[in-house]
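Its first residue numbered 71, the sequence shown is counted upward by one per residue in my numbering. Ideal placement from N, C-alpha and C gives every residue a C-beta, glycine not left out. What follows is a single structure, written as structure tokens, with notes after it.
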Amino acid sequence: MSEARVWDRLAGRYDTVVRLFDSSYGRVRERLERDLPSGGRMLEIAAGTGQFTADLASRAEHLVTTDISPEMVARLRVRVEEAGLQGVECAVMSAYELDGPDGSFDGVFCANALHVMDAPEQALSEFRRVLKPEGTLVAPTFLHGVDGFRRGLSRTLSLVSPFVAHTRFDLTSLQQTISAAGFEVLSSEQLPGLFPLGYVVARPLRLPEER
Ligand SMILES: C[S@@+](CC[C@H](N)C(=O)[O-])C[C@H]1O[C@@H](n2cnc3c(N)ncnc32)[C@H](O)[C@@H]1O
71 MSEARVWDRL
81 AGRYDTVVRL
91 FDSSYGRVRE
101 RLERDLPSGG
111 RMLEIAAGTG
121 QFTADLASRA
131 EHLVTTDISP
141 EMVARLRVRV
151 EEAGLQGVEC
161 AVMSAYELDG
171 PDGSFDGVFC
181 ANALHVMDAP
191 EQALSEFRRV
201 LKPEGTLVAP
211 TFLHGVDGFR
221 RGLSRTLSLV
231 SPFVAHTRFD
241 LTSLQQTISA
251 AGFEVLSSEQ
261 LPGLFPLGYV
271 VARPLRLPEE
281 R
């Protein structure tokens, strides 16, 4: 089954499932104001049904909010319309093939998704491509590999649900994956939770030929 189809099947239940992680989401919201640029063009990847979309819209001049799953995006659209958010465009889009020119966004936000993607490194290389050289990536990501208990729990949950995790990151491997895609990690923090959250802020690393 394609990645999009798997998530389409969860879309109707997503808002209920995600309540289990309310405290982690609150901690991310507290940090966004500090870490995301205000104004400018922002891209939200793997937005789901829009858990963070209103927070991002309040900071950006223009927000493109996206997800690979058409069913998630249908619900995201309803949420954006019901909240009357201005300057927000919703689109079905794969993180592996972003529909935007190089260097066109001031901020990229990707929450709770790098660990579920088949190819997070490919997604990160696309984030880097569409970010302006001084742009900011904020990527809070659930860490399913912090210890034996979480790895075991994650494997068990994966037996009953294909959504749980593709890569079981700890904070170090998450940072390394982001760095290897051509980013400078500016800050990273492990936030507590049943599955802790790796909250990483990064910016495109200038390659020698780009200086
Ligand atoms: C755990 S949900 C996170 C949703 C929301 N950002 C949140 O924090 O609640 C993961 C989302 O990633 C999306 N997704 C999975 N693979 C993707 C890909 N390759 N490109 C874009 N979105 C993807 C899924 O459709 C799903 O909505």
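**Request:** Can you say whether glutamate 204 is buried or exposed, counting buried as having 16 or more other CB atoms within 10 angstroms of its CB?
**Result:** exposed
**Prompt:** On the premise that valine 98 lies in contact with proline 210, defined as a C-beta separation below 8 Å, what is that separation, rounded to the nearest angstrom?
**Reply:** 5 Å
**Request:** Have a look at Val270, Ser258, Phe253 and Tyr269 and flag the residue whose alpha-carbon is nearest the alpha-carbon of leucine 277.
**Result:** Phe253
**Request:** Measure from the alpha carbon of aspartate 137 to the alpha carbon of each residue in Ala189, Leu90 and Ala116, then state which is nearest.
**Result:** Ala116
**Prompt:** Which same chain residues, not among the five before or five after threonine 206, have their C-beta less than 6 Å away from its C-beta?
**Reply:** Pro107, Gly177 and Arg273
**Asked** What residue ranges within the stretch 186 to 246 form continuous alpha helix (DSSP H) runs of no fewer than 4 residues, ordered along the chain?
**Response** 190 to 200 and 218 to 230
**Asked** Three-state secondary structure (DSSP) at threonine 136?
**Response** strand
**Item:** Outcome for serine 224 when other beta-carbon atoms lying within 10 angstroms are tallied against a minimum of 16
**Value:** buried
**Asked** Could you give the C-beta distance for alanine 130 and glutamate 191, rounded to a whole number, given that I count them as a contact under 8 Å?
**Response** Wrong, their Cβ atoms sit about 26 Å apart, outside the cutoff.
**Prompt:** Between leucine 201 and the rest of its own chain, which residues show a CB-CB distance below 6 Å, the 5 nearest in sequence each way excluded?
**Reply:** Phe175, Val178 and Pro274
**Prompt:** Looking at alanine 181 and alanine 153, is the spacing between their C-beta atoms short of 8 Å?
**Reply:** no
**Prompt:** Taking Cβ to Cβ, would you say serine 188 is nearer than 8 Å to glutamate 73?
**Reply:** Strictly speaking, residue 188 in this sequence is aspartate, with serine absent from that position. Yes, the Cβ-Cβ distance between aspartate 188 and glutamate 73 is below 8 Å.
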